[in-house]
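Undergrad:
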Amino acid sequence: MQKLGGLVWPRGGWGRAIRYINHRLRRLPDPPHRIARGIFAGVLVTFTPFFGLHFFLAAIVAWLIRGNLIAALLATFVGNPPTFIIIAAVSLETGHFILGRPPPGEVDEGMFQLFWHATRSLFHNIYVLFAGGEVYWAPLLHFYHEVFLPYLVGGIIPGTVCAFAAYYFSLPVIQAYQNRRKGRIKAKLAELKEKAAAKKAEKAARPEASAARVDRPADKRD
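If you're matching positions, the sequence shown starts at 1 in the UniProt record's numbering and goes up one per residue.
1) Look at the alpha carbon of Ile-85 and the alpha carbon of Thr-46, and state the distance between them as a whole number of angstroms.
2) Tell me which residues share the same chain as Thr-76 and place their Cβ nearer than 7 angstroms to its Cβ, disregarding the 5 neighbours each side in the sequence.
3) Of all the options Gly-67, Tyr-151, Leu-122, His-117, which has the alpha carbon lying nearest to the alpha carbon of Ile-87?
4) Taking the beta carbon of Tyr-168 as the centre, do at least 16 other beta carbons fall within 10 Å, making it buried, or is it exposed?
5) Measure the alpha-carbon distance for Leu-7 versus Ile-185 and round it to whole angstroms.
6) According to DSSP, is Arg-180 helix, strand or coil?
7) Have a look at Trp-63 and Leu-69 and give me their C-alpha separation to the nearest angstrom.
8) Compute the Euclidean distance between the alpha carbons of Arg-66 and Gln-175, then round it to the nearest angstrom.
9) How would you label Thr-119, buried or exposed, when you count the other beta carbons within 10 angstroms and need 16 or more for buried?
10) For the alpha helix (DSSP H) containing His-54, name the first residue and the last one.
11) Cα-Cα, which of His-33, Leu-189, His-117 is closest to Leu-141?
12) Looking at Ile-35 and Ala-72, is the spacing between their C-beta atoms short of 7 angstroms?
13) Looking only at its own chain, which residues have a Cβ that is under 6 angstroms from the Cβ of Pro-49, when we skip the five neighbours before and after it?
14) Could you compute how far the alpha carbon of Gly-155 sits from the alpha carbon of Ala-166?
15) In the DSSP assignment, find the alpha helix (DSSP H) that holds Glu-93 and state where it starts and stops.
16) Do Leu-171 and Pro-29 have their C-beta atoms closer together than 7 angstroms?
17) Using the beta-carbon count (16 or more within 10 Å), is Phe-143 buried or exposed?
18) Measure the Cβ-Cβ separation of Ala-190 and Phe-40 and say whether it is below 7 angstroms.
19) Can you tell me the Cα-Cα spacing of Tyr-177 and Leu-122, whole angstroms?
20) DSSP on Pro-139, reduced to helix/strand/coil?
21) Let me know the secondary structure DSSP gives Phe-130 once reduced to three states.
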């Protein structure tokens with residue numbers, strides 16, 4: 001139960017989780033445009049109703065557009081429990097509008113009950129294929145027409161808009177971060193070279209100083 005709670009509300013809260021993901025995205029060893037494409041892919045698939053397959057779909061989209069795979073997987077966390085309610089409401093509202101249907105109303109317990117009944121119906125039908133019995137398609141068909149299809153159609157527009165916004169916002173941020181990081185690395189390397197050169201010069205000066213000390217007594221005896 002504790003692990004399940006961690007998926008819904010991670011330790012430290014979602015703010016800390018988002019900061020960590022942002023940190024990991026910026027430090028990925030890939031060109032900025034590839035990382036930004038991966039972010040595009042991850043954000044885009046979070047607006048689809050294929051729950052449980054977002055990682056898989058993000059990887060496919062990232063591969064198709066030559067984006068960074070890790071960035072795509074990390075970007076799917078844009079779809080998390082606090083944001084899924086907003087994503088679902090916007091997608092369903094847009095989908096019903098495009099399909100010419102009346103608005104679905106609020107995303108409430110009734111919507112989640114449709115998910116639950118459809119899932120139960122699906123597993124029941126899979127079971128009776130092997131054990132025998134009567135299949136029930138009514139809950140699945142109702143879920144498809146009232147939720148899945150409007151969600152799928154309606155998620156295209158806001159998903160594409162948010163994905164492009166994430167791409168164009170993240171690209172300059174990642175570029176600036178990588179340029180600063182390269183500058184710090186160059187400065188560190190230059191500092192190490194200076195220290196190495198100083199040590200080398202110090203070692204070269206030691207034999208000369210020793211030779212000078214050896215020569216001084218001979219000069220006095222003369």
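Ideal Cβ positions, reconstructed from N, Cα and C, are used throughout, including at glycine.
TA: Working from what's here:
1) 12 angstroms
2) Gly-42, Val-45, Thr-46, His-54, Phe-55, Ala-58
3) Tyr-151
4) exposed
5) Residue confidence is low: Leu-7 scores 44 on pLDDT, short of 50, so the model does not pin down where it sits. Its coordinate-derived value is still stated next. Going from the Cα of Leu-7 to the Cα of Ile-185 covers about 37 angstroms.
6) helix
7) 7 angstroms
8) 18 angstroms
9) exposed
10) 54-64
11) His-117
12) no
13) Phe-148, Tyr-151, Leu-152
14) 16 angstroms
15) 81-98
16) no
17) buried
18) no
19) 47 angstroms
20) helix
21) helix
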